[in-house]
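Peer 1:
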Amino acid sequence: MNTKIQRFNLSIAAVLVLSSIHSAYAATTNVDGKALTVTTDQQGTKFQVSNGGHLTVDSGGVIGGESLTQRAAIQGSTLDVKNGGISGSISANANNAGASSTINVSNGGKILGYIATNTRDGERHILTINDASVKSTRLRNFALALQSTNATINNSTIDSEAYGIGLSYDSIANIDNSVINATGTVEKGGYGVSSMSSDLTMTNSVINYAGPIGSGAGLTIFGSNKNDSNTLISSSKINSSDTGAYIIGGDTTISNTEIVSQGNNAILLQGGELNLTNNSSIKAFGNGFGLLLYKGYDTGDYLENNITLNNSTIETEAAPGIYVGRDATANIHIENNANIIGGFGTFLHVSSGAITAASLDDSHIVGDVVSATDAITDITLQNGASLTGKMLNVNRLDVNTQSLWSLSENSNINHLSINNGVIRFASNNNDTTFNTLTINDLSGSGTFIMRTDIAGEGGGINNSGDKLVISGTSQGNHKLTILNRGDLSTNGNETLTVVETADGNGQFAVTNKVELGGYEYDLRKTGTDWELFGAPVDNNTGPITPEITSTANAGANFLNIGYLMNYAETQTLLQRMGDLRQNGEHGDMWLRGFAGKFDSFSGGKLNQFDMTYNGIQIGVDKRISPQTPLFLGVFMGQTHGSPDYRSGDGTTESNNAGIYASYLASNGFYLDSVVKYSHIKNKFNVKDSQNERVSGNGNSDGVSFSLEAGQKFSLSEQNNGFYIEPQAQLAYGHQEATHIKASNGLKVDLGSYESLMGRASALLGYELNQGDNKVNVYLKTGIVREFEGDVNYQLNGSTESHTFKGNWWNNGVGVSAQVAKQHTFYLDVDSSTGNKFDQRQINGGYRFSF
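Just so we're aligned: the sequence shown equals residues -26 to -1, 1 to 824 in mature numbering (1 follows the signal peptide of the UniProt record, and there is no 0).
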């Protein structure tokens, strides 16, 4: 492109100032090779400036008119309109020697008409409009019609009843901080700015086009090849009642610019390069497309549509965001958080015979891709891009590293390649609407996120879920993430096919066990298909039964919590009050604290459970009479526990109160009975198999009754020296049913149960009595057995059983010391080892006798 500009020197230095009235001149005034300044009203006079002449219309000056016969004709000369001077229409032509013309409109100068430059073989014209205006009111006329012209327009306004600015024949235009208004009232419409085989740069400016729909455009660009027309629209706005921008060929960049079409397409592209960048916004209201792509007129690069959407947005009201017309070829690259919001949820529509390759790079689009059956549409997601919507008749989809496709409805793809990408089966409706992805060929390695209703109508009847169907070849290793659903009423025995293949070559596995209802499910191959089934408990013994979920485990372990808390609170007389034989004559007040841990719990499906705990009890009793060694008392207490589950933890609190009666005979026999009420509150917080937090809580009431008896046999002097004390205890408990609803929808219903616990043990002790001070040190051992303890619980209605039946050994050591007759301190450490649980506990207290 030739951008060299030839400058002119005036051949005559004299300046003729026209100060007379209009009638002093003929209808045509010739300024031939001389300088002339007009400062009066010469409206209607036609001026011809030629052979290097210089005409100036200054303040107060008015020349010519809008019509052709009144225009100022400039040939190889210069025209200045400034300081409020007014000129009618202006035409500029090269002279016979090829010299071009210069037109300057500045400082409030006005053109009431049009400016037309015409040269094809000569030098380039120069047009400068600065702080000025051009207004053309004649139909079918341009405000500016420029050929082979270097135009600079700053801080000015261009108004036209038809066409605003027209550039052609290798013109170069720079428009800044200006407004172009075109009404487009001619029969075939108009446009705000048109650039044909020219270069246009527009910044900080506005184009307003108000023609009827189907008549024109705010901006039109025509280029015969890729490099023929270069356009940059920056930090500007195009408002159009019709098409926003109509582009044929060339290389166009739209940066930080808003294009709004009120009733047609925002941009229509027929071949060439289009770059939408730097937070540009393209909007089409009504039935217009955001970007309409047609087949180009020429061949080679011009035939194709090459579009880059960078950090910008295309938005439509009632049509697809991008529409590729019949037989067109389009290469679309969407990058850097660009977005397309298509009317009725369609991002891209490819019509019959079209060829389209669209890539999303670090961008996130919500919308469908719809392709005609005989079109070729290839989609690529890369660098963390995501697309949410269905795909119909897509030829090829590549989902690359860290990229995601969420299909909203049933979709079909010919070739699917996944390279560490993710495909999520999603729904616009709810969890009962599932989708099927049908593909011909699958390759690569990736992850599919799916949903199921494996329970169906119950027991797996008429169950359903998302499904991957591969009708041709399947290759690669793929992961299935089946979303957990705690609300399903499962029993662990259901199966559901989630992948169908024709050849069985592709390999599939779940990323983690699937939690559906209260049970875990795994994936297995059946023929050439893959199905979910109840994951068996991994214990290598007993019948194969489905494993319960981490949430079910935590919720149902409330049974164990209630049982063990009651056991920790009841214990024995010696642990509760110390050696009651070291007592006063009237009664006692006592306080005890205890702490311990239950672990290594073997509870079938309720395994991998342990709990630390600590508690306190306070009580008071009264001796019936000095002659009757019967003590009646009351107590209350609180116990806190910190249970640890298979995949989480929780807190528990027990508030208890009760009464007791203790009888101590002088021959060493004692009988102790306790009635206790407790209220237990429990909370848990666990992670499911997909690392999601699940919480729940429940509470339950319980009562228990304990009867303990023992006989002390002194081996030396009574109340001094060694002794043996056989003991027996029988404890009955009842725990009420409770209901827990976890945050994931799982309902855990715990049945009530009865406990009947028996203990047979013996103490070997040594007593030392010295006046009012007494010390009793002992070792203890015994066996404890639970005779009852059978209970059922339900997981969303599916019944499971649990039992506390079993034996455990209890061993310990302790000391009880009475000081000054009224004060008794006691400490007890023991352990239990059994086939249900192990326990370690320390117990200490103080009793005041009066």
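Note that CB positions come from ideal geometry on N, CA and C, so glycine has one too. Predicted model only: the values in this text are computed from it and were never measured.
Buried or exposed: where does Trp782 fall if 16 or more other Cβ atoms within 10 Å of its Cβ makes it buried?
Peer 2: Here residue 782 refers to the residue found at position 808 when the sequence shown is read from its first residue. Buried.
Peer 1: Which residue's Cα is closest to the Cα of Phe482: Phe259, Gln449, Phe507?
Peer 2: Position 508 of the sequence shown, counted from the first residue, corresponds to residue 482. Residue Gln449 is the option with its Cα nearest to Phe482.
Peer 1: So what does DSSP say about Arg550, is it helix, strand or coil?
Peer 2: As a working note, residue 550 is residue 576 in the sequence shown. Of the three classes helix, strand and coil, the one that applies to Arg550 here is helix, per DSSP.
Peer 1: How is Val177 classed by DSSP in three states: helix, strand or coil?
Peer 2: Your numbering for residue 177 matches position 203 in the sequence shown. Val is not the amino acid found at residue 177; the sequence shown has Thr there. Here Thr177 sits in strand by DSSP.
Peer 1: Cα separation between residue 827 and Thr287?
Peer 2: Outside the shown range of the chain (-26 to 824) lies residue 827, about which nothing can therefore be said.
Peer 1: Starting from Ala526, trace the alpha helix (DSSP H) both ways and give me its first and last residue.
Peer 2: For the purposes of this step, residue 526 is taken as residue 552 along the sequence shown, with counting starting at 1. Counting along the chain, the alpha helix (DSSP H) containing Ala526 begins and ends at 524 to 530.
Peer 1: Mind checking whether Leu250 and Leu206 have CB atoms under 7 Å apart?
Peer 2: Counting from 1 along the sequence shown, the entry for residue 250 is found at position 276. Counting from 1 along the sequence shown, the entry for residue 206 is found at position 232. In this structure, Leu206 does not lie closer than 7 Å to Leu250 by Cβ.
Peer 1: From Lys211 to Thr157, what does the alpha carbon distance come to, in whole angstroms?
Peer 2: The sequence position of residue 211 within the sequence shown is 237, counting from 1. The sequence position of residue 157 within the sequence shown is 183, counting from 1. Straight-line Cα distance between these residues: approximately 16 Å.
Peer 1: Which residues bound the beta strand (DSSP E) around Glu699?
Peer 2: To locate residue 699, count along the sequence shown from 1; it is residue 725. It spans 695 to 709 - the beta strand (DSSP E) in which Glu699 sits, taken as one unbroken run.
Peer 1: Cβ atoms of Leu738 and Val749: under 7 Å apart, would you say?
Peer 2: In the sequence shown, counting from the first residue as 1, residue 749 sits at position 775. In the sequence shown, counting from the first residue as 1, residue 738 sits at position 764. Going by C-beta atoms, Val749 is not nearer than 7 Å to Leu738.
Peer 1: Extract the residue ranges of the beta strand (DSSP E) inside the segment 397 to 457, only unbroken runs of 3 or more that lie entirely within it.
Peer 2: Those beta strand (DSSP E) runs which fall completely within the segment 397 to 457 and span 3+ residues are 410 to 424, 441 to 448, 451 to 456.
Peer 1: Applying the criterion that 16 or more other CB atoms from any shown protein chain within 10 Å of the CB defines a buried residue, is Asn809 buried or exposed?
Peer 2: As a first step, residue 809 must be located in the sequence shown, where it is residue number 835. Answer is exposed; the Cβ neighbour count stays below 16.
Peer 1: Curious, which full-length beta strand (DSSP E) runs of at least 3 residues does the segment 566 to 636 contain?
Peer 2: List check, beta strand (DSSP E) in window: 584 to 599, 602 to 619.
Peer 1: Residue ranges of each beta strand (DSSP E) run of no fewer than 3 residues wholly in the segment 91 to 177, ordered along the chain?
Peer 2: Segments of the beta strand (DSSP E) lying fully in the segment 91 to 177: 99 to 104, 107 to 110, 116 to 121, 123 to 128, 131 to 134, 137 to 142, 146 to 150, 153 to 156, 165 to 170, 173 to 177.
Peer 1: Is it buried or exposed, Gly316, if we count other Cβ atoms within 10 angstroms and call 16 or more buried?
Peer 2: If you number the sequence shown from 1, residue 316 lands on position 342. Buried.
Peer 1: Per DSSP, what are the beta-bridge partners of Leu645 in this structure?
Peer 2: Position 671 of the sequence shown, counted from the first residue, corresponds to residue 645. Leu645 pairs with Tyr637, Ala683.
Peer 1: Is Glu232 helix, strand or coil when you go by DSSP?
Peer 2: Here residue 232 corresponds to residue number 258 of the sequence shown, with the count starting at 1. DSSP places Glu232 in strand when its eight states are reduced to three.
Peer 1: If you check the beta carbons only, do Ser80 and Ala66 fall under 7 Å apart?
Peer 2: For the purposes of this step, residue 80 is taken as residue 106 along the sequence shown, with counting starting at 1. For the purposes of this step, residue 66 is taken as residue 92 along the sequence shown, with counting starting at 1. Contact flag unset, no.
Peer 1: Excluding sequence positions up to five away, which residues of its chain have a Cβ less than 8 Å from the Cβ of Met539?
Peer 2: For this step, residue 539 is matched to residue 565 along the sequence shown. Tyr587, Thr613, Gly615, Thr626, Ser628, Ser652, Ile654, listed in sequence order.
Peer 1: Using CA atoms only, rank isn't needed, just tell me which of Gln601, Lys109, Leu606 is closest to Asp595.
Peer 2: For the purposes of this step, residue 595 is taken as residue 621 along the sequence shown, with counting starting at 1. Considering only alpha carbons, the answer is Leu606.
Peer 1: From which residue to which residue does the beta strand (DSSP E) around Ala258 run?
Peer 2: The residue you call residue 258 lines up with position 284 of the sequence shown. 255 to 258 is the extent of the beta strand (DSSP E) around Ala258.
Peer 1: Tell me whether Ser823 is buried or exposed, calling it buried when 16 or more other Cβ atoms sit within 10 Å of its Cβ.
Peer 2: In the sequence shown, counting from the first residue as 1, residue 823 sits at position 849. Classification of Ser823: buried, given that the 10 Å Cβ count is 16 or more.
Peer 1: Starting from Ala47, follow the beta strand (DSSP E) in both directions and report where the run begins and ends.
Peer 2: Along the sequence shown, one-based indexing puts residue 47 at 73. It spans 46 to 49 - the beta strand (DSSP E) in which Ala47 sits, taken as one unbroken run.
Peer 1: Counting along the chain, where does the beta strand (DSSP E) carrying His307 start and finish?
Peer 2: Walking along the sequence shown from the start, residue 307 turns up at place 333. Per DSSP, His307 belongs to the beta strand (DSSP E) from 303 to 309.
Peer 1: Return yes when the C-beta of Gln49 is under 6 Å from any heavy atom of the ligand SAM, and no when it is not.
Peer 2: The ligand SAM is absent from the structure shown, which contains no ligands of any kind.
Peer 1: Out of Asn57, Phe687, Gly319, Ser345, which one is the CA nearest neighbour of Thr330?
Peer 2: Within the sequence shown, numbered from 1, the residue matching residue 330 stands at position 356. The residue with the shortest Cα to Cα distance from Thr330 is Ser345.
Peer 1: Measuring straight from C-alpha to C-alpha, what distance separates Ser(-16) and Val5?
Peer 2: Within the sequence shown, numbered from 1, the residue matching residue -16 stands at position 11. Within the sequence shown, numbered from 1, the residue matching residue 5 stands at position 31. Low confidence applies to Ser(-16): its pLDDT is 26, below 50, so where it sits in the model is not reliable, and the reading given next is rough at best. The alpha-carbon atoms of Ser(-16) and Val5 are separated by roughly 12 Å.
Peer 1: Please return the same chain residues whose Cβ sits closer than 6 Å to the Cβ of Arg(-20), not counting the five positions on each side in sequence.
Peer 2: Taking the first residue of the sequence shown as 1, we reach residue -20 at position 7. Annotation note: pLDDT 28 at Arg(-20) (below 50); position unreliable, coordinate value reported separately. Same-chain partners within the cutoff: there are none.
Peer 1: In whole angstroms, what separates the C-alpha of Lys257 from that of Thr290?
Peer 2: Reading the sequence shown from its first residue, position 283 is the one you call residue 257. Reading the sequence shown from its first residue, position 316 is the one you call residue 290. In a straight line, the C-alpha of Lys257 is about 6 Å away from that of Thr290.
Peer 1: Pick from Gly745, Ser735, Asp812: whose alpha carbon is nearest that of Leu753?
Peer 2: Within the sequence shown, the letter at position 779 stands for residue 753. When only C-alpha atoms are compared, the closest one is Ser735.
Peer 1: Output the distance between the C-alpha atoms of Arg597 and Leu604, rounded to the nearest integer angstrom.
Peer 2: By one-based count along the sequence shown, residue 597 stands at place 623. By one-based count along the sequence shown, residue 604 stands at place 630. Their Cα atoms are separated by approximately 6 Å.
Peer 1: Taking Cβ to Cβ, would you say Asp562 is nearer than 7 Å to Arg759?
Peer 2: Here residue 562 refers to the residue found at position 588 of the sequence shown. Here residue 759 refers to the residue found at position 785 of the sequence shown. Not closer than 7 Å, so no.
Peer 1: Taking only three categories from DSSP, how would you classify Glu40?
Peer 2: Working through the sequence shown from its first residue, we reach residue 40 at position 66. Three-state DSSP puts Glu40 in coil, outside helix and strand.
Peer 1: DSSP three-state call for Gln(-21): helix, strand or coil?
Peer 2: For this step, residue -21 is matched to residue 6 along the sequence shown. With a pLDDT of only 29 at Gln(-21), under the threshold of 50, the placement of this residue in the model should not be trusted, and no figure is reported.
Peer 1: If we call anything under 7 Å between Cβ atoms a contact, is Leu411 one with Ser385?
Peer 2: Mapped onto the sequence shown, residue 411 falls at position 437. Mapped onto the sequence shown, residue 385 falls at position 411. Yes, Cβ-Cβ distance for Leu411 and Ser385 is below 7 Å.
Peer 1: Could you compute how far the alpha carbon of Ser417 sits from the alpha carbon of Ile456?
Peer 2: Walking along the sequence shown from the start, residue 417 turns up at place 443. Walking along the sequence shown from the start, residue 456 turns up at place 482. Straight-line Cα distance between these residues: approximately 20 Å.
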